[in-house]
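Report on one structure; see the data block that follows.
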Amino acid sequence: MLPAPRVDTARLAAYERVCGFPTGEDALPVTYPHVLGFPLAMRLMSAPGFPLPLLGLVHTSIRITRHRATPPAGDYELTVYVEGLAPHRRGTEAAVVTELRDGGDVVWESRSTYLARHRTADAGRQEEEKKEEEEEEEERDAPLPAVEEWRPAGDVGRRYAAASGDRNPIHLYPLTARLFGFPRAIAHGMWTVARCLAAHGTPDATRVRADFRAPVLLPGTVTYAAAGGRFALRGEGGRVHVAGEIEPA
C-alpha cells in the first residue's frame, strides 16, 4: 500500500500531452491511476517471491473501472496485489490488481494480465485454446469504421517513459529494442490505450476493457477506429494492435 500518492503536475501535464488528453482538467485521465500504481506494481513483480520472471513479461490486457471522477489533489491510497495465476496456451498469466481509494472508498480499480511465455505440456489443448481464442477475437473484432489516421513519432516511447516512469528499453530507441528482438522501438501498450480513450472520451463512471494484440512500431502509421463503445487501433493490412470497449459503470 502507498498512502497519499503525490500527483506531480508537470509530469501529469506531460502525460496528458503525449496521450492526447486535454490539459488542466479537474479530473485525472482515466488511465492515469495506472501510472501512479506502476512503481508499486514493479516492486511487487520484481520481488523474490513473485512466481514469474519479470524479464519477458508481456502485458496482455487491462480492465479498468472508474467509479467516479478522480481529481489530482484527492486524499488517495494505492494498493497493488496479485490476484492469481492462470494457465495460458503460451505459458502462465498473472493477474495484477490496482486499487485507488479516497477516504477508504475504492474510486478506481484495474486488473492487468501479464503473460510469461514458456512451453506447456498439452499440445492438443494448446491448439484447441488457440482456435477458441481466435473465434472469440473474430466475434469481438467485427470491423469498425475508421475515424482518424495517426502517425506516432519515433520519440513517443521516450516521451511516454518520461511522463509515466515506465522506461522499459523496448520503448526507447531502435538499438535498445533490437536487443529484445524488435526491429525498432515499440509504443507502450498503455500509451495506445490512453491515446484511444483520449480520442473516444469516457464518462466519469466508466468501465474499460482493452486487449493488447500486436506491438506498434515507432515511428509508424495507425488507424483509430470506433463505433458506439467499441474501439480499435489498426495497422498495415488491418492488423489489430489493440481492441477494446467502453461502457458506463
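In the working numbering, the protein residues as written are 13 to 261. Beta carbons: idealized from backbone N, C-alpha and C, even for Gly. Remember, it's a predicted structure, so these values are computed and weren't measured experimentally.
Counting only runs that start and end inside the stretch 163-190, the alpha helix (DSSP H) elements of at least 4 residues fall at 168-176, 186-190.
Contact annotation: G169 and A210 have beta-carbon atoms that are not nearer than 8 Å.
In this structure, DSSP gives V254 an extended state, which the three-state scheme calls strand. DSSP, reduced to helix, strand and coil, places R207 within a helical segment of the structure shown.
As DSSP reads the structure, S73 sits in a beta bridge with T125, D223. The stretch 102-112 makes contact with the stretch 45-62: 3 or more CB pairs, one atom from each, lie closer than 8 Å. V254 and T82 have their C-alpha atoms roughly 25 Å apart. Look at T43 here: in three-state DSSP terms it is coil, with no helix or strand label.
Exposed is the label assigned to A158, since fewer than 16 other Cβ atoms lie within 10 Å of its Cβ. Counting every other CB atom within 10 Å of its CB across the protein chains shown gives P60 a total below 16, marking it as exposed. Under the DSSP assignment, L24 falls in the alpha helix (DSSP H) whose first and last residues are 21-31. With contacts defined as CB atoms closer than 8 Å, W203 and Y236 fail to qualify as a contacting pair. In the structure shown, G115 adopts coil according to DSSP, grouped into three states. If the five residues before and after A175 are omitted, its C-beta is found closer than 6 Å to the C-beta atoms of R23, A26, Y27, V30, all from its own chain and listed in chain order.
In the three-state reduction of the DSSP assignment, R246 falls in the strand class.
For E161, the closest alpha carbon among the candidates I74, G232, R242, F194 is that of G232.
The shortest C-alpha to C-alpha distance from H130 to any of V228, P99, V118, Y93 is the one to P99. In this structure, R78 keeps its C-beta atom at 8 Å or more from the C-beta atom of A238. Inter-residue distance for P155 and A85 is about 40 Å (C-alpha atoms, whole angstroms).
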